[in-house]
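So the protein lines, in turn, are chains Z and W. Mapping to the numbering used here: the first sequence position 87 is 144, numbers consecutive. Mapping to the numbering used here: the second sequence position 208 is 209, numbers consecutive. Below is one structure; the comments refer to it alone.
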Amino acid sequence: MADSSLLNERENAAARFKAGLWRENPILVQALGMCPVLAVSNTGINALTMSLATASVLLASAIVISTLRGIIPPQVRLACFVLVIATFVTLTDMLIEAFALELHRALGAFLPLIVVNCMILSRIEIMASRQPVPVAALDALGMGGGFMLGLITLGSLRELLGRGTLFGTQVMPESFEPWQVMQLPGGGFFTLAALVIGFYLLDRRWRARRTAEATT
Amino acid sequence: MSDENGRGGGTSVLRIQAVLVAIALVAGLAIAAVHEWTRPMVMAQRGGLLGDAALEVMPGATNYLIYVRANDSQLRLLGDGDTPELFIGLDERGRAVGAAIVASGMGYADVIQLVFGIDPDGERLTGMRVVTSRETPGLGSKIVDDMDWVESFGRIELQFDDQRELEPLRVREDASHEAGEVDAISGATVSVRAVTRIINESLVEWMPKLREEFDDLAGGGRG
Chain Z
58 MADSSLLNER
68 ENAAARFKAG
78 LWRENPILVQ
88 ALGMCPVLAV
98 SNTGINALTM
108 SLATASVLLA
118 SAIVISTLRG
128 IIPPQVRLAC
138 FVLVIATFVT
148 LTDMLIEAFA
158 LELHRALGAF
168 LPLIVVNCMI
178 LSRIEIMASR
188 QPVPVAALDA
198 LGMGGGFMLG
208 LITLGSLREL
218 LGRGTLFGTQ
228 VMPESFEPWQ
238 VMQLPGGGFF
248 TLAALVIGFY
258 LLDRRWRARR
268 TAEATT
Chain W
2 MSDENGRGGG
12 TSVLRIQAVL
22 VAIALVAGLA
32 IAAVHEWTRP
42 MVMAQRGGLL
52 GDAALEVMPG
62 ATNYLIYVRA
72 NDSQLRLLGD
82 GDTPELFIGL
92 DERGRAVGAA
102 IVASGMGYAD
112 VIQLVFGIDP
122 DGERLTGMRV
132 VTSRETPGLG
142 SKIVDDMDWV
152 ESFGRIELQF
162 DDQRELEPLR
172 VREDASHEAG
182 EVDAISGATV
192 SVRAVTRIIN
202 ESLVEWMPKL
212 REEFDDLAGG
222 GRG
């Protein structure tokens, strides 16, 4: 799935940014980092904090790794990557605990688990460890943005249907009976599946239109 | 792997170690610095959380006095930079309605910190709230989320043997709260046992003090 382009070292940085947001969206297309995606997407605010934390860790790690790519010995590159990622995760964890304890309690064990988020490690290994800082940073921004986009959509939908609220504000009419299942893990799977299907149909239609325009 | 990227070559073991050590050193320093910086903020927030939890486990309390143990194990009122250890709950007219004890111990994943309430006569519990925990989401985390279970602590009566010695709480399925039993939760066995153990150990430590000094403490202690 567009993977052949991932290794192309001379790829345009702006294209990398857009790829992460849509064509190679980490949640909807690559299906990476599914554990936090399903676990903390029960409300919009949880999804926002979690995805923002993940995106910040990815961006910071990508910049550091890309800067150090010349001196990191290939034999221990994974150890170095994980060390850098773990440091930023720990810092993020401590900052969220200091400034937003309620959110920290809601996200619980999933914050430290960002260390093993495979989306981050894959971006570091594929892009940041081989590309100059601007390309690595834009790629991280695109992938982080795509992750946020997917997770916040998922969280908002589940909160809307499961609680009748959106980011804590009541939006559904009083008569609306919340769908309990949407707040449970099962609801996460259903919503994710629906999102992926919707994404695929939309993407196919757009591509068809673009080819039609190109041929006429 | 290395050669196709054109960055391999004759990397010596010494250089590999130097790079690893350097990165680890910088990482460690960064974490230590941020830890030092955020610690006071985290402690202040946790102090607020402990106070909120204390009010929830002492029915009828609208305010409280906070005590800590001094070095000679005597109790004194909370000072700057102390972590609360004991709350004495006061109602609107300033009468003592109970006590809340802060206790912590190892859970399944990390240290569990909780607050539990006890009535003025020291005969029954009046509530329990877990303040800090990192138990497995969906399993051990039921000790925080399962409100039926959390509320059941308000009905637990302490048991004493013939010598008025406190008997520890036990975990059981279909527990009878009047007989000093805590409900087991399937999926959260370890976490439930941990909470029960933490409360038992804390009771042994605090009961004698509370029996002797409750009235003193309710009046604001010695000075």
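Ideal placement from N, C-alpha and C gives every residue a C-beta, glycine not left out.
- Considered as a whole, the segment 130-168 of chain W harbours 143-146, 148-153 as its complete alpha helix (DSSP H) runs of no fewer than 4 residues, in chain order.
- Proximity of M184(Z) to chain W, defined by a Cβ-Cβ separation below 8 angstroms, is not satisfied.
- DSSP places I129(Z) outside both helix and strand once states are collapsed to three, so it counts as coil.
- Comparing alpha carbon positions, the residue from N82(Z), G225(Z), A72(Z) closest to F256(Z) is N82(Z).
- Chain W has a Cβ within less than 8 angstroms of the Cβ of E154(Z).
- At a cut-off of 8 angstroms between beta carbons, V133(Z) contacts chain W.
- Neighbours of P130(Z) across chain W, judged by C-beta separation under 7 angstroms: T12, R16, I17, V20.
- Taking a contact as a CB-CB distance under 8 angstroms, the pair F117(W) and I200(W) counts as one, their CB atoms being some 6 angstroms apart.
- I67(W) sits buried, since 16 or more C-beta atoms from the chains shown fall within 10 Å of its C-beta.
- Between the C-alpha atoms of E124(W) and R173(W) there is a straight-line separation of about 20 angstroms.
- Nearest to L148(Z) by alpha-carbon distance, out of A34(W), I144(W), R135(W), is A34(W).
- With 16 or more other CB atoms across the displayed protein chains lying within 10 angstroms of its CB, S203(W) is buried.
- Judged by their CB atoms, S123(Z) and A185(Z) are nearer to each other than the 8 angstroms cut-off.
- The Cβ of C137(Z) sits closer than 8 angstroms to at least one Cβ of chain W.
- I67(W) is bridged by DSSP to F88(W).
- By the C-beta density criterion, T272(Z) is exposed, having fewer than 16 other C-beta atoms within 10 angstroms.
- Shown in chain order are the members of the segment 92-110 of chain Z whose Cβ falls below 7 angstroms from a Cβ of chain W: A96.
- In this structure, DSSP gives G99(W) an extended state, which the three-state scheme calls strand.
- When DSSP states are grouped into helix, strand and coil, A104(W) belongs to the strand group.
- When 8 angstroms is used as the limit between beta carbons, M42(W) is near these residues of chain Z: A155, F156, in chain order.
- Annotation for D111(W): R135 place their beta carbon closer than 6 angstroms to its own, counting only its chain and skipping 5 residues before and after.
- The beta carbon of Q114(W) lies closer than 6 angstroms to those of S105, V132, T133 in the same chain, with the five residues before and after it left out.
- For Q188(Z), no beta strand (DSSP E) segment is defined, and its DSSP state is neither H nor E.
- At a C-beta separation below 7 angstroms, R156(W) has no neighbours in chain Z, since its nearest C-beta there lies roughly 26 angstroms away.
- In this structure, the alpha-carbon of L51(W) lies about 33 angstroms from that of V228(Z).
- Of all residues in the segment 215-241 of chain Z, none places a beta-carbon less than 7 angstroms from a beta-carbon of chain W.
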